[in-house]
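Here is the structure we will look at, set down as structure tokens.
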Amino acid sequence: TFNLFSLVTININIFLHCIICVLGVAGNGMVIYIVGLKIKRTVNSIWFLNLAVADFLFSFFLIFNVIYEYRDLDWPFGDFGCMLSSLVSVLTMFASTFLLTVISVDRCLSTWVVVWARTKRTVLKARIICLLIWLAAVACTLPCVIFRKTHRISPQQTVCILGFSGLEAYKRVVVFRFVVGFLIPFVIILASYVAIGVRVKRLRKANKLKPFRIILAVILAFFFCWLPFYVYRFLELTNFKNVFDQIGLFIVSLAYLNSCLNPFLYVFMCEDFQKKLSKTVVIRMTAISVNYILKYPVAILCIATEISR
């Protein structure tokens, strides 16, 4: 019974990862196209473009995990593939967290120091900050991936693992990722939104909250997806690990789900994005229709004749 449950769980997990991979690549690719090419370059668009790039990379490289799981945890991509897949996964996690932190602080300052925001908040500075964020993410990622390697556990199976010499080294990595990649950003983000709430309440202007709703939704989605993941990672270090092994797969999937949620939040909550998306779709459909008419004029004429009868 346990083996059957385990097999069903793994198959469901593979299916979920496939869905997340497809939606994440398609959704974030759409965001990158629209925000990068169709929307006027602003500080906010710089933030969201970089966030979409991080989520796109995470979703794209998730295909390696899907293949790995489908092959019953037999890693076929060698040592370099093992390190690269882990590098992208951890790098984009840190980059997303740091970006959300900077976005929250930026919105807080824009609310409290309006004059400063109008004069000092520029696209160039946003780009420089994003570059620094990616560099910081790389620096934080290296300790987590330099120990990644493949290990042959049988003639038929090679696994991609963290090759630590002992449990203490793994504990330090887990604690480091939790503190730097979750706890400190969470405190900063929480403080920023408390300050925003206080400011809005003082101004007594409820409409001031509207520009922040998409950012707040993105942040809430991030923490609801990743908090269970970090709790599970800490439980792995305790005697409760075996109890949570089965649901651990779904907890990891929940964390992965975050990479494909943000595009839908953009679509449903950002009016400017909706307009650009609708315009792009209409233009694309019109172009396809025109090309079809030019390519098959006789077929179109026959259809029109039948309809008119």
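Mind the numbering: the sequence shown is residues 1 to 309 in this note's numbering, read in order. Heads up, the beta-carbon is just placed ideally off N, CA and C, and yes, glycines get one too. All values reported here derive from a predicted model rather than from experimental measurement.
Below 8 Å CB to CB, which residues in the same chain sit around residue i once its five sequence neighbours on both sides are set aside?
{"i": "Ala117", "result": "Leu109, Ser110"}
{"i": "Ile46", "result": "Val123, Ala126, Arg127, Cys130"}
{"i": "Ala136", "result": "Phe94, Phe98"}
{"i": "Val8", "result": "none"}
{"i": "Ile63", "result": "Cys21"}
Alpha carbon to alpha carbon, what distance is there between residue j and residue i?
{"i": "Asn13", "j": "Lys201", "result": "44 Å"}
{"i": "Leu167", "j": "Tyr68", "result": "24 Å"}
{"i": "Ile219", "j": "Ser154", "result": "43 Å"}
{"i": "His17", "j": "Gly29", "result": "17 Å"}
{"i": "Asp79", "j": "Ala54", "result": "23 Å"}
{"i": "Gly24", "j": "Leu142", "result": "25 Å"}
{"i": "Asn11", "j": "Leu249", "result": "11 Å"}
{"i": "Val252", "j": "Gln156", "result": "26 Å"}
{"i": "Leu132", "j": "Leu216", "result": "23 Å"}
{"i": "Ala255", "j": "Phe229", "result": "6 Å"}
{"i": "Lys149", "j": "Ala221", "result": "32 Å"}
{"i": "Ile32", "j": "Phe48", "result": "9 Å"}
{"i": "Arg172", "j": "Trp226", "result": "19 Å"}
{"i": "Phe178", "j": "Ile184", "result": "9 Å"}
{"i": "Val114", "j": "Phe182", "result": "29 Å"}
Going by DSSP, what residues sit across from residue i in a beta bridge?
{"i": "Val88", "result": "Answer is none; Val88 lacks a bridge partner."}
{"i": "Arg152", "result": "Thr158"}
From which residue to which residue does the alpha helix (DSSP H) around residue i run?
{"i": "Ile188", "result": "184–203"}
{"i": "Asp55", "result": "43–70"}
{"i": "Trp134", "result": "123–145"}
{"i": "Trp75", "result": "Trp75 -> no alpha helix (DSSP H), and no H or E assigned at all."}
{"i": "Thr119", "result": "114–120"}
{"i": "Lys171", "result": "167–178"}
Ordered along the chain, which non-local residues of its own chain (more than five positions away) have a Cβ less than 6 Å from that of residue i?
{"i": "Leu57", "result": "Val88, Thr92"}
{"i": "Val174", "result": "Arg233"}
Suppose the cutoff is 7 Å on Cβ atoms and the five residues either side in sequence are ignored; what does the same chain contact list for residue i look like?
{"i": "Ile196", "result": "Arg107, Cys108, Thr111, Phe212"}
{"i": "Ser59", "result": "Ile20, Cys21, Gly24, Val25, Asn28, Ser259, Cys260"}
{"i": "Leu51", "result": "Ser96, Leu99, Asn262"}
{"i": "Cys341", "result": "Shown here, the chain extends from 1 to 309; a query on residue 341 therefore has no answer."}
{"i": "Val145", "result": "Met83, Ser86, Leu87, Val90"}
Nearest chain D C-beta to residue i closer than 7 Å, yes or no?
{"i": "Ala191", "result": "The question asks about chain D, but that chain is absent: this structure has only one protein chain."}
### Query
Are three or more beta carbon pairs between the segment 80–92 and the segment 33–42 nearer than 8 Å?
no
### Task
Take every Cβ of the segment 157–166, pair it with every Cβ of the segment 185–193, and state whether three or more of those distances are shorter than 8 Å.
They do not touch, by the three-pair rule.
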